[in-house]
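Number of protein chains: 2
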Amino acid sequence: MKIKKGCALFHANDPLHFLYTVSAGTFKTCLSDNEGRERVTNFFMPSDMIGLDAISTERHTCSAFALEDSVVFPISYYRWILLPGDFPTIKQSLTQLLSREIIHDHEMLLMLCSLNADGRLANFLVSLSSRFVKRGYSANKFVLSMSRRDIGSYLGLRLETICRSINSLRTLNIVKFTGRSVEIVDMLALKAVEQGCEKRNKRWSIGHCF
Amino acid sequence: MKIKKGCALFHANDPLHFLYTVSAGTFKTCLSDNEGRERVTNFFMPSDMIGLDAISTERHTCSAFALEDSVVFPISYYRWILLPGDFPTIKQSLTQLLSREIIHDHEMLLMLCSLNADGRLANFLVSLSSRFVKRGYSANKFVLSMSRRDIGSYLGLRLETICRSINSLRTLNIVKFTGRSVEIVDMLALKAVEQGCEKRNKRWSIGHCF
DNA sequence: CGTGGGGTTGACTCAAGTCAATTTGGGTGG
DNA sequence: CCACCCAAATTGACTTGAGTCAACCCCACG
């Protein structure tokens, strides 16, 4: 099933008919509240599954858009997931996927609260890099399929701030940016920035949990 | 199974043996990264289930602490969840719970990025209120079991900021605070603050998603 | 060859963080 | 029962990182 760049796979509030695994291309999911505020909740690469958050309400809670011409493999919710008893393996792995998504969201929450703009961008790049490696691509050179605005939305920052953080990492000779092509020059330094080590060492601890 | 105030139900990295439903009392779950930064990811009231994020790794990813003397009902992970085939109802509802947790986390992410300090506190109070109502307590009067610091950590703010936001809501005659006792005087105004309506109307939109 | 969206940069502002001083209040031991 | 102690909460003064607004560049595309 092919999806053209910029087209929606589904919209928020659509009834859940399919979950999708990405075969080729990239997607973003956008959450929007009743005030018109919008936020990118995640980016999806080949082999990722989209739509898991719809399961409890049986309606999609976010909208999914293709960031480039893409291909997805639809999985019928009723046929594969809902029918009781059958396909225990699928259900088991579904539980795994859901739980993993929760962990991802928790990491995002922690990141949003504990890292400054540079740290967030570094974190984003490192995590992208590791996802590329898992799929057999280079860890150090890749092309972003999302705009600065999308990255900003995902990281809870404005696009201007993303530009400035890119600049900041560039002047430290940690990464090279040309448009949407990225080359990570010094992965260790990048991870150091991600850890927010230079300054603010013991910030954001809430102290001992009792 | 009784847990004393301040004691841990489990720690991050503990192997997953039980999920717990809260019978009485309140809990918080704390996530901490390798830098010692810590964050409260959620508060749990009676009938909530704790530990769901551990399912994919079979190890707890966060630590859970009792905020007051509490009682939990443990559910053996291996006996009830892991065994294939049996108890389809439990598994179905488990999927529901997981998916709902994802939605909650997404709402948190959206909130963190779109609301200022007052809005976040208002949002927190409204959501607490509705949870109390669901359990048969008053919507307008309740006692917080968590400290200002915990609230701040949960909302991505410092405890001083929480104090100031409390003050700000108090001077607007929206809530009354005495220590940890809260009385919501004007729920509508509180929800208005939560929506962040006074200022910053069209902020944080990322524009049309294509 | 103009037009528009994405990207970059600068100047300025302000909400929340930081640090520090002080008050409050619950719990404990004499 | 009271005095004391310590953690929690409050308040003020100051700092700062990221948001805001605006100008401008660049290139792809009709």
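Top line first, the protein sequences correspond to chains A and B. Letter by letter, the first sequence follows residues 2 to 211 of the working numbering. Letter by letter, the second sequence follows residues 2 to 211 of the working numbering. For each residue, glycine too, the CB sits at the ideal point set by N, CA and C. Bear in mind that the values here come from a model prediction, so they are computed numbers and not experimental data.
For D34 (chain A), a Cβ of chain B is located within less than 8 angstroms of the residue's own Cβ. Look at E69 (chain A) here: in three-state DSSP terms it is coil, with no helix or strand label. Contact between Y78 (chain A) and L20 (chain A) holds: CB atoms are separated by about 6 angstroms, below the 8 angstroms threshold. Distance between V23 (chain A) and P16 (chain B), taken at the CA atoms: about 32 angstroms. At a cut-off of 8 angstroms, the C-beta of C114 (chain A) has a neighbouring C-beta in chain B.
In the structure shown, L158 (chain B) falls within a coil segment according to DSSP collapsed to helix, strand and coil.
At the C-beta level, E69 (chain A) and K29 (chain A) stay beyond 8 angstroms of one another.
DSSP, reduced to helix, strand and coil, places M112 (chain A) within a helical segment of the structure shown.
Chain A has a Cβ within less than 8 angstroms of the Cβ of S100 (chain B). A Cβ-Cβ separation of about 11 angstroms leaves I51 (chain A) out of contact with A67 (chain A) under the 8 angstroms criterion. A buried status is given to G197 (chain A), since no fewer than 16 other beta-carbon atoms sit within 10 Å of its beta-carbon. Any Cβ of chain A closer than 8 angstroms to the Cβ of T162 (chain B) would place that residue at the interface, and such an atom is absent.
Under the Cβ criterion of 8 angstroms, H61 (chain B) is not counted among the residues facing chain A. Going by beta carbons, E184 (chain A) and V176 (chain A) fall inside the 8 angstroms limit. The closest CA to that of A9 (chain A), considering only A:H61, A:P47, A:L191, A:N35, is found on A:H61. As computed with DSSP, I4 (chain A) is found in a beta bridge with A:S71. Nearest C-alpha to V41 (chain A) among B:C114, B:R171, B:F133: B:C114. One Cα belongs to C63 (chain A), the other to I104 (chain B), and the distance between them is close to 10 angstroms. At a C-beta separation below 8 angstroms, L53 (chain A) has these neighbours in chain B: S100, I103.
Take R171 (chain A), set aside five residues on each side of it, and the residues of its chain with a beta-carbon closer than 8 angstroms to its own are K177, F178, in chain order. For a cut-off of 8 angstroms, the C-beta gap from L156 (chain B) to F125 (chain B) is around 6 angstroms, short enough to register as a contact. Not one beta carbon of chain B lies nearer than 8 angstroms to the beta carbon of I167 (chain A).
Listed in chain order, the positions of the segment 39 to 50 of chain A with a beta carbon within less than 8 angstroms of a beta carbon of chain B are E39, R40, V41, T42. In the three-state reduction of the DSSP assignment, A9 (chain B) falls in the strand class, which pools E and B.
The beta carbon of S57 (chain B) sits closer than 8 angstroms to some beta carbon of chain A. In the structure shown, R40 (chain B) adopts extended strand secondary structure according to DSSP, grouped into three states.
Straight-line measurement puts the Cα of S130 (chain A) at about 19 angstroms from the Cα of C164 (chain A). For S131 (chain B), the enclosing alpha helix (DSSP H) starts and ends at 118 to 135. In the structure shown, the three-state DSSP call for C31 (chain A) is strand. The Cβ-Cβ distance between L145 (chain B) and E102 (chain B) does not fall below 8 angstroms.
The Cβ of G120 (chain B) sits no closer than 8 angstroms to any Cβ of chain A. Runs of the beta strand (DSSP E) spanning 3 or more residues and lying entirely within the segment 136 to 195 of chain A occur at 142 to 144, 176 to 179, 182 to 185, in chain order. Residue contact with chain B for M109 (chain A): present (Cβ-Cβ distance below 8 angstroms to some residue of chain B). For G26 (chain A), none of the residues of chain B pass the 8 angstroms Cβ criterion, the least Cβ distance being about 14 angstroms.
Residue state for T22 (chain A) is assigned as strand, using DSSP reduced to three classes. For V73 (chain B), the number of other beta carbons within 10 angstroms of its own is at least 16, and it is reported as buried.
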